[in-house]
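Only one structure is covered here, and it is reproduced in the block below.
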Amino acid sequence: MTVLVTGAAGFIGSHIVRQLLKKNYQVRAMHLPNENLANLQGLPVETMSADITDLESLKIAMYNCDYVIHAAAIYKLWLPEPEKMDRVNIQGTKNVLQLAKQLGVKRVVFTSSIARFAGQGTGINATESSPFALGPARNPYPISKAAAHELAVEAAKNGQDVVICAPTGPIGPGDVAPTPTGRFILAFARMPIVAVPDISINFADVRDIAEGHVLAMEKGISGESYLLGHQNLTIRQLAETLSELIGVRKPVVWVPFAVSSLWSHMPLLYSQIVSRKDPFVTPCAIHIAKLGLMADCSKAVCELGLPQSPIKTAVADALIWFAQQGFIQNPRLKSRIEEIQTTLYG
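In the numbering used here, the protein residues as written are 3 to 348.
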């Protein structure tokens, strides 16, 4: 059985590839031209350069594949050209679904997002039946992912075999971007003091999220959505886990949402005028955090057998990977992370 994985060089996508290989699937790993393929290095896969917004290259990549796991997307807080997010996340998904149907693909697994279900309010867990609530945040990422999600739902209603996976906050090795969670881990490791709003987020080991995709491909129900996550944690609890691992207790300062929102305009302005890169935080991101990013992932655990690995191990492996890749330069901290690696893996 051959499985095409779009976004295969990315954080979640590369771990999906690894999980498929563990189960002896033939994997066609699709990536963008000139994309960094470090996450796929040494893996026995067929790599394929293609773009989900280009039907011709996508058709070649998908040809003769039994399954498609569509994990490719733009995941950013801000883009200089916001319409690009719609083009990739919405039109790209439409292209994948259209060609999969045309080419007789047995099943498509679509990677949605916690953003489709979250935002139900402080202290309220999102579930697979939660309505889309992040529209008022006016952030192109959740809006585009929600629209793509509806395309997948509609395709399933029309008879196409489509299963939807919605990851929560992934933590672990291979965070090439890095993600917002990865940035927090790095900020905590580098800075003497950390200032954050009082928020709670559902986190999971990225490898469990990847395995959840494969389980959804194998035994998920067409048209159903599965939240792939594990544990709801406050940022303070995540900081305490980091402190425990690196052996340094750093002060975490709570910042009121009003102050966070006001301050977040500065990195956004810097990105808009100077760097043209994804800012560390934006007013929209603060709004989303305030609306809530907690989730109940029991459906995937019960119906798919989603693993629930310790978050502490995922954080430790993220630190080890960041140090190995040069994201962390402090000699004392690198030495401590090497000790963590020795303790965990010998």
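Ideal placement from N, C-alpha and C gives every residue a C-beta, glycine not left out.
What ranges does the alpha helix (DSSP H) occupy inside the region 13-51, keeping only unbroken runs of at least 4 residues that lie completely in it? 13-24
Tell me which residue opens and which closes the alpha helix (DSSP H) that Ser114 is part of. As a first step, residue 114 is located in the sequence shown; it is residue number 112 there, counting from the start. From DSSP, Ser114 is part of no alpha helix (DSSP H); its letter is neither H nor E.
Other residues of its chain near Ala191: CB distance less than 8 angstroms, five sequence neighbours each side excluded: In the sequence shown, the residue the question calls residue 191 occupies position 189. Result list for Ala191: Leu244, Ile248, Leu321, Phe324, Ile330, Asn332, Leu335, in chain order.
For Asn26, count neighbouring C-beta atoms within 10 Å of its own C-beta (all shown protein chains included) and say buried if the count is 16 or more, exposed if not. What you label residue 26 is simply residue 24 of the sequence shown in a count that begins at 1. So Asn26 ends up on the exposed side.
Indicate the three-state DSSP secondary structure (helix, strand or coil) for Gly94 in the structure shown. Reading the sequence shown from its first residue, position 92 is the one you call residue 94. Gly94: helix per DSSP, three-state reduction.
According to DSSP, simplified to helix, strand and coil, what is Gly329? Working through the sequence shown from its first residue, we reach residue 329 at position 327. According to the sequence shown, residue 329 is Phe rather than Gly. Here Phe329 sits in coil by DSSP.
Within 10 Å of its beta-carbon, does Gly106 have 16 or more other beta-carbons around it, so buried, or fewer, so exposed? Within the sequence shown, numbered from 1, the residue matching residue 106 stands at position 104. Answer is exposed; the Cβ neighbour count stays below 16.
With DSSP as the reference, label Leu81 as helix, strand or coil. As a first step, residue 81 must be located in the sequence shown, where it is residue number 79. DSSP places Leu81 in coil when its eight states are reduced to three.
Compare the beta carbon distance of Asp163 and Val110 with 8 angstroms and say whether it is the shorter of the two. Here residue 163 corresponds to residue number 161 of the sequence shown, with the count starting at 1. Here residue 110 corresponds to residue number 108 of the sequence shown, with the count starting at 1. Yes; because the gap between Cβ atoms is below 8 angstroms, this pair is in contact.
Using three-state DSSP, classify Ile145 as helix, strand or coil. Numbered from its first residue, the sequence shown carries residue 145 at position 143. In the structure shown, Ile145 sits in a helix (DSSP, three-state: H, G or I).
DSSP puts Ile54 in a beta bridge; with which residues? For the purposes of this step, residue 54 is taken as residue 52 along the sequence shown, with counting starting at 1. None; Ile54 has no bridge partner.
Where Ala148 and Met219 are concerned, what is the direct C-alpha to C-alpha distance, given to the nearest angstrom? Locating residue 148 in the sequence shown gives position 146, counting from the first residue. Locating residue 219 in the sequence shown gives position 217, counting from the first residue. So the alpha carbons of these two residues sit roughly 21 angstroms apart.
For Ser115 versus Pro169, is the C-beta spacing smaller than 8 angstroms? Looking up residue 115 in the sequence shown gives position 113. Looking up residue 169 in the sequence shown gives position 167. Their beta carbons are under 8 angstroms apart, which means Ser115 touches Pro169 by this criterion.
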